[in-house]
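**Q** With my numbering, the residue at position 299 of the sequence shown is 363, and numbering never jumps.
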Amino acid sequence: MQHIHDTLASLQRTSPAQKEFYQAVEEVLSSLTPVIESNPQYQEQAIIQRMVEPERQIIFRVPWVNDAGHVQVNKGYRIEFNSALGPYKGGLRFHPSVNASIIKFLGFEQIFKNALTGLPIGGGKGGSNFDPKGKSDGEIMRFCQSFMNEMYRHIGPVTDVPAGDIGVGAREIGYMFGQYKRLTGRYEGVFTGKSLLWGGSLGRKEATGYGTVYFAECILNDRQDTLKGKKCLVSGAGNVAIYAIEKLYHIGALPVTCSDSRGAIYHEKGIDLELLKQLKEVQRGSLEEYLITYPEAVYIPVGDYPKDGHAVWRNQADAAFPCATQNELTLADAQALISNGCQLICEGANMPTTQEAANAIVDAKIAYGPAKAANAGGVATSQLEMAQNASMQNWTFEKVDAHLKTIMETIFTSANEASKEFGQPGNLVLGANIAGFRKVADAMIEQGVV
Ligand code: NDP
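1. State the DSSP-derived secondary structure class of residue 326, mapped to helix, strand or coil.
2. Closest by CA to residue 511, which one among 157, 101, 147 and 125?
3. Could you check if residue 99 is buried or exposed, using at least 16 other CB atoms within 10 Å of its CB as the buried criterion?
4. Would you list the residues sitting across from residue 138 in a DSSP beta bridge?
5. Whole alpha helix (DSSP H) runs in the region 173-227 with 4 or more residues, listed along the chain?
6. For the ligand NDP, I want to know if residue 248 counts as a neighbour, meaning its beta carbon is within less than 7 angstroms of at least one of the ligand's heavy atoms.
7. May I ask you to check if the CB of residue 467 is nearer than 7 angstroms to at least one heavy atom of the ligand NDP?
8. Can you grab the Cα-Cα spacing for the pair residue 121 / residue 458, in whole Å?
9. Less than 8 angstroms separating the beta-carbons of residue 225 and residue 193?
10. Assuming residue 98 is part of the alpha helix (DSSP H), what are its boundary residues?
11. Please find out if some non-hydrogen atom of the ligand NDP comes closer than 7 angstroms to the beta-carbon of residue 410.
12. Less than 8 angstroms between the beta carbons of residue 126 and residue 211, yes or no?
13. Pick out whichever of 323, 150, 337 and 358 has its Cα sitting closest to the Cα of residue 384.
14. From the DSSP output, in three-state form, read off residue 364 for me.
15. When you compare the CB positions of residue 357 and residue 339, do they come within less than 8 angstroms of one another, or not?
16. In the structure shown, what three-state DSSP assignment does residue 146 receive?
17. Run through DSSP, which three-state label would residue 371 get?
18. Is residue 390 near the ligand NDP - that is, is its Cβ less than 7 angstroms away from at least one heavy atom of it?
19. Are the region 434-442 and the region 397-416 in contact at 8 angstroms, needing three or more beta carbon pairs?
20. Give the DSSP-derived three-state secondary structure of residue 121 in the structure shown.
21. Taking the straight line between their C-alpha atoms, what separation do you get for residue 453 and residue 205?
22. Taking Cβ positions, are residue 472 and residue 442 nearer each other than 8 angstroms?
23. Pull up the distance between the alpha-carbon of residue 174 and that of residue 156, whole angstroms please.
24. State yes or no: is the C-beta of residue 72 within less than 8 angstroms of the C-beta of residue 90?
25. Could you check the C-alpha separation between residue 568 and residue 502 for me, to the nearest Å?
26. Are the CB atoms of residue 396 and residue 373 nearer to each other than 8 angstroms?
27. By Cβ distance below 7 angstroms, which residues in the same chain neighbour residue 426 in space, the five residues on each side in sequence not counted?
28. Give me the Cβ distance between residue 402 and residue 430, rounded to the nearest whole Å; I'm assuming they're in contact under 8 angstroms.
29. Does the pairing of the region 271-280 with the region 237-256 give three or more beta-carbon distances under 8 angstroms?
30. Between residue 69 and chain B, is any beta-carbon pair separated by less than 8 angstroms?
31. Considering only heavy atoms of the ligand NDP, does any lie closer than 7 angstroms to the CB of residue 464?
32. Kindly indicate the opening and closing residues of the alpha helix (DSSP H) around residue 291.
33. Would you say the region 173-191 touches the region 248-258, given that touching needs at least three Cβ pairs under 8 angstroms?
34. Please report the distance separating the alpha-carbon of residue 171 from that of residue 116.
35. Run the CB neighbour count on residue 135, radius 10 Å, all protein chains shown included, and call it buried at 16 or more, exposed below.
36. Sorry if obvious, but does the Cβ on residue 344 come closer than 7 angstroms to a heavy atom of the ligand NDP?
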């Protein structure tokens, strides 16, 4: 439709060289034609043109001193994308690949994901091109403090509430929260994903991985099927992957792979979860060390991956859970999965499938849980953490987990209903985009041209 073409052309002119951002915008807009045609106000009020432009983009210098006494400089970002439904909410990513395009794609996705949860949270994202790998604790702390020296003035419990993402876990959040407290003198719920010792929520660490598996189970149950007994491929070895693997075991499935930025493990009898946690959560080392305990497992280094994709997806399995990073599942990977009999692909990471791969999966009509619906459990539980902080209460793990499960079921139902209403039953890519968009667009219209 013309408006998609015009919007993308305009973005390419006004925000050049942001390919991941254009990809995310195109993916959402290509689902929206029927809903935009159904309500003339969306065009009259220039909703699309307003939605693709962040309300505010903060880009700043992060100077810090390394252990050798040398001054280092990184770039910091906070994109406050849309506050129609609530305070900006979305994680911080510390990874050398971070740039404005990556943060804007993540922030844009976050708007619709947060809307789908049904909770009062707007969309934002931030981070830095800082690489935490190989840095000492002292260096991480000094970087986090410097990052916060600028960020503190833009965030707050009712304005913008960041959380973790790739490279930002409890340690980094602790250092940033400490500096926020020192600068403002306020002890308040300005971050989520905090330590359980000082304001964190039970169940937050597990939420994204568990939620992705709950969502997958919703899709399969709707097709009179279940994950129980299914052989599953998982990519990643971080927060999302580890807890997706844990929940797959709870449900009675068999996760046989995981991967990190250096390579992939295939273990026929099932990934040893405790060993994986030890290697990645405690030692923060390479997955190759998995072979010391299990020499019979197969390790494929990145250099030996297929030229057109990722080693994990070339194994035969019933279900696939990409849980590492963006564009990690290519068209060739999707074709391999489908022809090997895979019945479900459910996204734990953000935008892990390329646009061509996503189209092939939709066309094959296998069960497909798109990221903005399937991995929304993390941010939903962050909002539960905010609710606990605001009411000065601590909920039990069981209570948080029960809320998470209900929220994932509700997201599935609203995406599934929207897919039926717009004539493509079971197409959850279309359903999630439309259901998320409508909530934000209607709120924007009611709040006037701001
Ligand atoms: P972590 O940093 O905990 O783990 C990321 C994992 O992916 C690591 O195993 C890392 O390898 C690997 N990885 C990172 N970048 C690359 C790359 N370019 N190529 C290959 N492998 C890579 O992050 P999370 O688990 O928190 O996040 C994973 C994904 O899930 C991201 O897309 C994130 O945006 C998304 N997400 C996370 C949420 C959360 O609550 N944490 C919520 C919703 C979405 P290595 O170990 O070598 O670093």
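All C-beta atoms, glycine included, are put in the ideal place defined by N, C-alpha and C.
**A** Result, derived from the coordinates:
1. coil
2. 147
3. buried
4. 126
5. 201-215
6. no
7. no
8. 34 angstroms
9. no
10. 83-102
11. no
12. yes
13. 323
14. strand
15. yes
16. strand
17. coil
18. yes
19. yes
20. strand
21. 24 angstroms
22. no
23. 12 angstroms
24. yes
25. An answer regarding residue 568 cannot be provided, because it is not within the stretch 65 to 514 covered by the chain.
26. yes
27. 432, 491 and 493
28. 7 angstroms
29. no
30. Absent from the structure is chain B; it holds one protein chain and no more.
31. no
32. Per DSSP, residue 291 belongs to no alpha helix (DSSP H) and is neither H nor E.
33. no
34. 10 angstroms
35. exposed
36. yes
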